[in-house]
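Residue numbers (the numbering used here): 1 to 446. A short write-up of the structure that comes next.
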Ligand code: SF4
């Protein structure tokens with residue numbers, strides 16, 4: 001039976017006031033989109049309506065109150081944010097039923113209020129952000145969505161049906177959002193989209209001005225500018241198109257993290273063809289080698305689907321052998337599952353469940369061994385980590401440049417009680433296991 005995708009809750013937005021307020025609205029909506037929310041153009045289709053108010057003049061306040069009144073009578077489930085949020089009593093006096101009131105620039109609070117009013121239903125089949133990441137991300141890292149939709153038609157995926165073809169955001173809007181996130185405390189930007197390397201193909205001929213210079217909507221140009229804004233920039237969902245070669249030197253220069261999340265999904269030509277994905281696995285191996293020569297610390301994360309219809313033992317063994325060659329640092333695997341509406345559901349030769357299970361166990365064993373060997377090679381080295389959490393016993397959970405939050409490993413630190421969340425510090429790696437590292441901060445007067 002095909003898995004049904006839960007519908008995502010929809011948010012309506014009424015944005016009043018100046019362009020700054022509009023940018024705030026855009027930022028709130030971007031965050032909500034990356035948290036899995038849909039947008040509603042009208043009151044009727046919205047599960048909750050956000051009114052971003054202006055409180056600059058009395059007339060603007062009156063207009064804001066009227067907008068809140070209209071949203072309450074048309075929809076009923078209303079959250080108020082923006083400048084007038086500072087006058088919560090006035091709003092409550094007139095509209096005691098508003099669900100929540102937050103003030104200007106209180107992005108985290110307003111997003112949190114939406115999560116409470118209309119909880120998102122995470123789905124591993126459509127969400128870019130890992131399920132555990134659907135909780136509000138801490139201040140020191142933020143997901144930055146650069147486009148929506150996808151031009152590919154992978155047989156197991158329903159994203160193009162749900163979200164349409166790729167639509168890229170303007171590069172200047174993305175960079176402005178990145179700057180605001182960094183001003184608000186973000187140290188690490190996680191660039192997400194369905195296909196990050198395709199960024200800009202739809203708006204390539206529309207360069208925009210950024211800091212007095214033209215910026216072309218292209219992944220490399222965007223990555224370079226983002227690298228100037230945030231200490232850590234991590235690229236997710238990159239297809240290995242030839243132009244990805246151009247971002248590797250940015251990693252070698254230290255502008256963006258030497259990390260690529262490339263969902264290869266499989267290596268066997270037959271399976272890739274059935275999946276309707278490009279089948280150039282031999283070329284990919286050559287390119288991985290070339291990339292590692294330029295950026296030796298490059299971490300490559302990927303995901304694979306096992307048990308796709310028609311996958312033979314030979315195909316699967318080819319994948320395992322390919323993994324031996326590719327030596328990917330981080331691998332996630334999924335057993336194929338039909339998703340309602342996906343073309344793959346009609347394919348012949350389904351793989352029996354017990355075979356899928358066995359193959360899943362085999363790929364996990366193989367990739368865990370590769371990961372363990374790669375991590376063991378880091379013992380005795382000094383590396384940079386970002387602090388995620390400091391505990392009461394003087395330890396801290398951190399991540400290295402090789403670890404994206406929620407999906408990769410961690411670096412567990414001792415003697416780290418003096419550190420703070422979001423700090424980037426140098427540590428000595430003392431031990432390693434299959435997925436994580438253990439170490440201690442390097443003291444300056446050692
Ligand atoms: S690249 Fe394929 S799997 Fe990814 S969103 Fe597009 S259609 Fe889906």
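Where is the CB? At the ideal position from N, CA and C, for every residue including glycine. It should be emphasised that the depicted structure is a prediction, and the values quoted were computed from it without experimental measurement.
Residue 194 beta carbon near the ligand SF4 (any heavy atom closer than 7 Å): Here residue 194 is taken as the residue at index 194 of the chain shown, counted from 1. Residue 194 Cβ: within cutoff of the ligand SF4.
- Query: What do you reckon, is the C-beta of residue 159 under 7 Å from a heavy atom of the ligand SF4?
  - Reply: Locating residue 159 in the chain shown gives position 159, counting from the first residue. Yes.
key: Inter-residue spacing [alpha-carbon to alpha-carbon] between residue 295 and residue 202   = Translated into the one-based positions of the chain shown, residue 295 becomes position 295. Translated into the one-based positions of the chain shown, residue 202 becomes position 202. Taking the straight line from one Cα to the other gives about 30 Å.
If we call anything under 8 Å between Cβ atoms a contact, is residue 395 one with residue 412?
Position 395 of the chain shown, counted from the first residue, corresponds to residue 395. Position 412 of the chain shown, counted from the first residue, corresponds to residue 412. Taking 8 Å as the Cβ cut-off, residue 395 and residue 412 qualify as a contacting pair.
Review point. Buried or exposed: where does residue 356 fall if 16 or more other Cβ atoms within 10 Å of its Cβ makes it buried?
Key: Counting from one through the chain shown, the residue named residue 356 turns up at place 356. That one is buried.
Exercise for the section: Could you check if residue 151 is buried or exposed, using at least 16 other CB atoms within 10 Å of its CB as the buried criterion? Expected result: Residue 151 sits at position 151 when you count from the first residue of the chain shown. Under this definition residue 151 is an exposed residue.
Grouping DSSP H, G and I as helix and E and B as strand, with all else coil, what is residue 430?
Within the chain shown, the letter at position 430 stands for residue 430. It is a strand residue.
Review point. Rounded C-beta distance between residue 404 and residue 234? I'm assuming under 8 Å.
Key: Start at 1 with the first residue of the chain shown, and residue 404 comes out as number 404. Start at 1 with the first residue of the chain shown, and residue 234 comes out as number 234. Confirmed, about 6 Å.
Nearest neighbour of residue 392, chosen from 278, 414 and 371 [CA to CA]: The residue you call residue 392 lines up with position 392 of the chain shown. The residue with the shortest Cα to Cα distance from residue 392 is 414.
Does the distance between the C-beta of residue 435 and the nearest non-hydrogen atom of the ligand SF4 fall short of 7 Å?
By one-based count along the chain shown, residue 435 stands at place 435. For the ligand SF4, not one heavy atom lies less than 7 Å from the Cβ of residue 435.
Is the beta carbon of residue 217 less than 8 Å from the beta carbon of residue 237? Position 217 of the chain shown holds residue 217. Position 237 of the chain shown holds residue 237. For residue 217 and residue 237, no; Cβs fall outside 8 Å.
Worksheet item: So, helix, strand or coil for residue 285, using DSSP?
Response: Position 285 of the chain shown, counting from 1, holds the residue named residue 285. Helix, per DSSP.
How about the segment 43 to 50 and the segment 73 to 82: do they share at least three Cβ pairs that are nearer than 8 Å?
yes
As a quick exercise: from 306, 378, 142 and 204, pick the residue whose alpha carbon is nearest that of residue 463. The question about residue 463 has no answer here: the residues shown for the chain are numbered 1 through 446.
Coil, strand or helix - residue 412 by DSSP
On the chain shown, residue 412 is found 412 positions in, with the first residue counted as 1. If DSSP states are grouped into helix, strand and coil, residue 412 belongs with the strands.
- Message: Does the segment 101 to 112 come into contact with the segment 57 to 70, if we say contact requires no fewer than three beta-carbon pairs (one atom in each stretch) closer than 8 Å?
- Response: no
Within this structure, are the beta carbons of residue 385 and residue 377 separated by less than 8 Å? Residue numbering aside, residue 385 sits at position 385 when the chain shown is read from its first letter. Residue numbering aside, residue 377 sits at position 377 when the chain shown is read from its first letter. No, these two residues do not count as a Cβ contact at 8 Å.
Original post:
Which same chain residues, not among the five before or five after residue 111, have their C-beta less than 8 Å away from its C-beta?
Top reply: For the purposes of this step, residue 111 is taken as the residue at position 111 of the chain shown. Excluding residues within five positions, the ones whose Cβ falls inside 8 Å are 28, 31, 32, 35 and 136.
So, residue 52 versus residue 23, is the Cβ gap smaller than 8 Å?
On the chain shown, position 52 is the one that residue 52 refers to. On the chain shown, position 23 is the one that residue 23 refers to. Going by C-beta atoms, residue 52 is not nearer than 8 Å to residue 23.
Item checked: Buried/exposed call for residue 121, threshold 16 Cβ in 10 Å -> Position 121 of the chain shown, counted from the start, is the residue given in the question as residue 121. Counting Cβ neighbours within 10 Å, residue 121 comes out exposed, since fewer than 16 surround it.
Check: What are the boundary residues of the beta strand (DSSP E) that includes residue 259?
Finding: As a working note, residue 259 is residue 259 in the chain shown. From DSSP, the beta strand (DSSP E) with residue 259 extends over 259 to 261.
>> Which of the three DSSP states is assigned to residue 180 in this structure?
In response: Translated into positions along the chain shown, residue 180 becomes position 180. Reduced to three states, the DSSP call for residue 180 is helix.
For this session: Reducing DSSP to helix, strand and coil, say where residue 448 ends up.
Result: Only positions 1 to 446 of the chain appear in this structure, which leaves residue 448 out of reach.
Problem set entry | residue 486 - containing alpha helix (DSSP H), residue span | Residue numbering for the chain in the displayed model covers 1 to 446; residue 486 lies beyond these limits and cannot be assessed.
Residues of its chain near residue 379, where Cβ-Cβ distance is below 6 Å and the 5 sequence neighbours each way are ignored:
Position 379 of the chain shown holds residue 379. Closer than 6 Å at the Cβ level, and outside the excluded window around residue 379, lie 429 and 432.
Item to check | Residue from 225, 322 and 330 with nearest C-alpha to residue 406 | outcome: If you number the chain shown from 1, residue 406 lands on position 406. The residue with the shortest Cα to Cα distance from residue 406 is 330.
Residue 204 burial status per 10 Å Cβ neighbour count (16 or more: buried)
Position 204 of the chain shown, counting from 1, holds the residue named residue 204. Burial call: exposed.
* Assign residue 188 to one of two classes, buried (16 or more other C-beta atoms within 10 Å of its C-beta) or exposed (fewer than that). => The residue given as residue 188 occupies position 188 in the chain shown. With 16 or more other Cβ atoms within 10 Å, it is buried.
| field | DSSP state of residue 439 mapped onto helix, strand, coil | value | For this step, residue 439 is matched to residue 439 along the chain shown. If DSSP states are grouped into helix, strand and coil, residue 439 belongs with the strands.
Is any non-hydrogen atom of the ligand SF4 found closer than 7 Å to the C-beta of residue 152, if you look at the structure I gave you?
Here residue 152 corresponds to residue number 152 of the chain shown, with the count starting at 1. Answer for residue 152: yes, Cβ within range of the ligand SF4.
### Query
Can at least three beta-carbon pairs, one atom from the segment 270 to 282 and one from the segment 303 to 310, be found at a separation below 8 Å?
yes
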